[in-house]
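Inspection log for the structure reproduced underneath, given as structure tokens.
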């Protein structure tokens, strides 16, 4: 198993550009999550999904969109990039969700918006 | 909102020393998880705790779920250079569904 994979690893965007961060997991996990990590801060939840076709907002969803058309993929979309979105983005997944809270993380995407 | 206070913020220790870090909250948690993040990588799960009072070891790492369910600690014994990284606690609240709340992290540096 590759686990959770993310692409790209690095990206520089200009203000106002858009992009999609890709996330794929091959563990047949139901739950998937997107976090952002800023220096000196813990991980903040952006969006999550409890299964294909179902998504919900986390703590910091503004400026982002997600979709979950398959169990494996959970892309994160930035429509109009802003400097405040400069961060490291992590995708994670977990199995059942009800009694299993162990989340497994991808390697991250480092995004700079200038 | 839910908050986890993780301390210390950073540690610079001598190789061979023991390390202790903890997380506290005013909220009651059902689950505590401890993760380690190395530079340029995603967090990796070290230990998961599911019951109040539970004490679990993973090699030189030991973590405990506090009796009050509001805190947890992680100990690393006889530290080695590869222990360097950022250690995060994460807690799960019943009313927060399957989502986790993360502490701000403890940066560990080891001097050999």
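Protein chains in written order, with this note's numbering: chain F, 1 to 114; chain Y, 1001 to 1112. Positions of the beta carbon are idealized from the N, C-alpha and C atoms, including for glycine. Computed from a prediction, not measured in an experiment: that's the story for all the values here.
Below-9 Å beta-carbon distance, residue i vs any chain Y residue
i	result
residue 42 of chain F	yes
residue 74 of chain F	no
residue 45 of chain F	yes
residue 22 of chain F	no
Below-9 Å beta-carbon distance, residue i vs any chain F residue
i	result
residue 1017 of chain Y	no
residue 1040 of chain Y	yes
residue 1110 of chain Y	no
residue 965 of chain Y	It is not possible to answer for residue 965 of chain Y, since the shown part of chain Y is limited to 1001 through 1112.
residue 1028 of chain Y	no
residue 1012 of chain Y	no
residue 1033 of chain Y	yes
residue 1020 of chain Y	no
residue 1064 of chain Y	no
residue 1070 of chain Y	no
residue 1105 of chain Y	yes
residue 1084 of chain Y	no
residue 1008 of chain Y	no
Residues bridged to residue i (per DSSP)
i	result
residue 30 of chain F	Per DSSP, none; premise fails for residue 30 of chain F.
residue 1110 of chain Y	Y:1013
Test item: CB-CB of residue i and residue j under 9 Å
i	j	result
residue 1038 of chain Y	residue 1078 of chain Y	no
residue 1013 of chain Y	residue 1108 of chain Y	yes
residue 80 of chain F	residue 17 of chain F	yes
residue 1024 of chain Y	residue 101 of chain F	no
residue 1003 of chain Y	residue 1021 of chain Y	no
residue 84 of chain F	residue 111 of chain F	no
The beta strand (DSSP E) enclosing residue i, as first and last residue numbers
i	result
residue 1064 of chain Y	1061-1065
residue 1090 of chain Y	1085-1092
residue 76 of chain F	76-78
residue 65 of chain F	64-66
Closer than 8 Å: residue i CB and nearest the ligand PLP heavy atom
i	result
residue 61 of chain F	This structure lacks the ligand PLP, and indeed carries no ligand of any kind.
Report task. Tell me the start and end of each unbroken alpha helix (DSSP H) in the region 3-53 of chain F that is at least 4 residues and wholly inside, in chain order. Result -> none
**Report entry** Ordered list of alpha helix (DSSP H) runs contained in the region 1005-1074 of chain Y, each at least 4 residues
**Finding:** Listed in chain order, there is nothing to give.
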